[in-house]
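Here the UniProt record's numbering is used: the first residue of the sequence shown is 1, the next is one more, and so on.
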Amino acid sequence: MLQLLLFASLAPPPPPASPPADPERFYPPAREHLLLAPATVGDGPLKFTPGKGLEVKSKDGRYSLSLSLRTGFMYSGRRQAGAAYDHAFEIRRLRLVFSGNVFSKSIKYFVQLAVAPRELNFVDGVARSGPLLDNYVVFDRLRDANLRIGLYRVMYTRERNIADINPLLIDRSLANAEFNVDRDIGLDVRSEDIGGLGKLRYYAGVFMGDGRDQNRFSDPGLMYTARVDFLPFGLFDDYEASDQTRLRRPRLSLGFAYAFNDRARNNRGVLGSPPADGGTTNYHNLTTDMMFKWAGFSLEAAFLWREGRRNPGHAVDDMGAPLPVEAARNGHGWMTQAAFLIPRTGLEPALRTSGIRGLGLTSMPDRNELGGGLNYYFAGHNLKLQLDYFRTWDRGAADLAGDLVRLQLQVAL
């Protein structure tokens, strides 16, 4: 019923003649070009582009401002081991985005606010997280040395750097939840196309290592990151899940990244909670990943590894005795997911498997995830309906598995 209502809402007046079929694309939906085309606003300088919002530019192009809104509504039902079935219906995301350029086409800015209750982490009616997700400026006059400075997603794992409105399934993988380094404040130097060859990218950055919502003085421990992407068949949209372009030629991206978090305050580095003993951890992180796309088929895979050395703290129990030193969360993880956009439709079945394993002396559990879903794209990622199901279980305890089913409608203006 929901799908029928969405189709009816999208029914346009008699459309103009369709453009000639693009021979490079593998049977896209017939009306997709109409739904995703930019639209002018009156006779003024305003333009509306689906997913990018309302944009105004100065005549010389030195100034621009885009305002966009992204939201999603999600129903979830779950059954955890030994517990009764429960469910929730919530606003999964509510994002307000400001972006553009100022003084020059080479000075760009991006600000993103998250104001859904889930994103503000409400506990007993009190918000535990601030609304600011991203706030950065980019200086990109030099093709091979762009400078980005501010608060944003650190270029480490590919999966985490696929925008929140573009994941293949409703949420990211179990391995990503454990090993990603999320957002932090700092700076990096990067190039989206080294030498203009259309085959290489690099990112090298230094960050505070404390994550979002940090505004205090701390020890001089920092996080250092580096990432390289190799695209043997040329540049493409490898940081977007699903092959929305459906090009008939194969495309491949191979990524390699390293991050060192010196004196991390949390048990997963930037994320997690402080160790019970109150100390810090020096974490080495490595990952390699790939994205392959061809004619509507997409395949993404990643391997992640982390090893840490604890710097014990001095926390004591109620009797004044030192607390035991908590082990670092040493281990590795993996994820593989695949999907295929059925020709001439917006329907896409998808599957994913993921897992994490502790290594040596560790406080990280062994856990697995298996599931899949169905996506229907009415207007690409800008208007889509997603249904997925996942089972998670600890290694050796499959009888204590948890089950989760979700249905989500997402809109990006």
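Glycine included, each C-beta is placed from N, C-alpha and C at the ideal position. Given the structure is predicted, the values throughout are model-derived calculations rather than measurements.
In this structure, the CA atom of Gly402 is about 25 Å from the CA atom of Leu120. Assigned with DSSP and collapsed to three states, His381 falls in strand.
Here the stretch 57-73 lies against the stretch 97-112, with 3 or more beta-carbon pairs under 8 Å apart.
In this structure, Ala81 lies near Leu400, with their beta-carbon atoms less than 9 Å apart.
Under the three-state reduction of DSSP output, Ile170 falls in the coil class, being neither helix nor strand. The DSSP-derived three-state label of Arg158 is helix.
Ranked by how close their Cα comes to the Cα of Ile194, the residues Asp171, Asn161, Asp213, Leu231 have Leu231 in first place.
Judged by pairs of C-beta atoms under 8 Å, the stretch 282-295 touches the stretch 240-257, as three or more such pairs exist.
Between Val325 and Gly331, the alpha-carbon positions lie close to 18 Å from each other. Less than 9 Å divides the Cβ of Gly186 from the Cβ of Met208.
The continuous beta strand (DSSP E) containing Glu300 extends over residues 297-311.
If you draw a straight line from the Cα of Asn368 to the Cα of Leu46, it comes to about 49 Å. Setting aside the 5 residues that flank it on each side, Phe26 is surrounded in the same chain by Arg246, Leu247, Arg248, Ala295, Gly296, Pro343, each with a C-beta closer than 8 Å to its C-beta; the list follows chain order. The beta-carbon distance between Ser173 and Asn267, rounded to whole angstroms, is 19 Å. This is too long to meet the 8 Å contact definition. The C-alpha of Ser354 is placed about 6 Å away from the C-alpha of Thr336.
The three-state secondary structure of Asn261, taken from DSSP, is strand. According to DSSP, residue pairing for Asp317 in a beta bridge does not occur. Cβ-Cβ distances below 8 Å link Val181 to Val154, Tyr156, Thr157, Arg160, Met223, Thr225, Ala259, Asn261, Gly269, Val270, Leu271, Asn285 in the same chain, with the five nearest sequence neighbours on each side left out; the list follows chain order.
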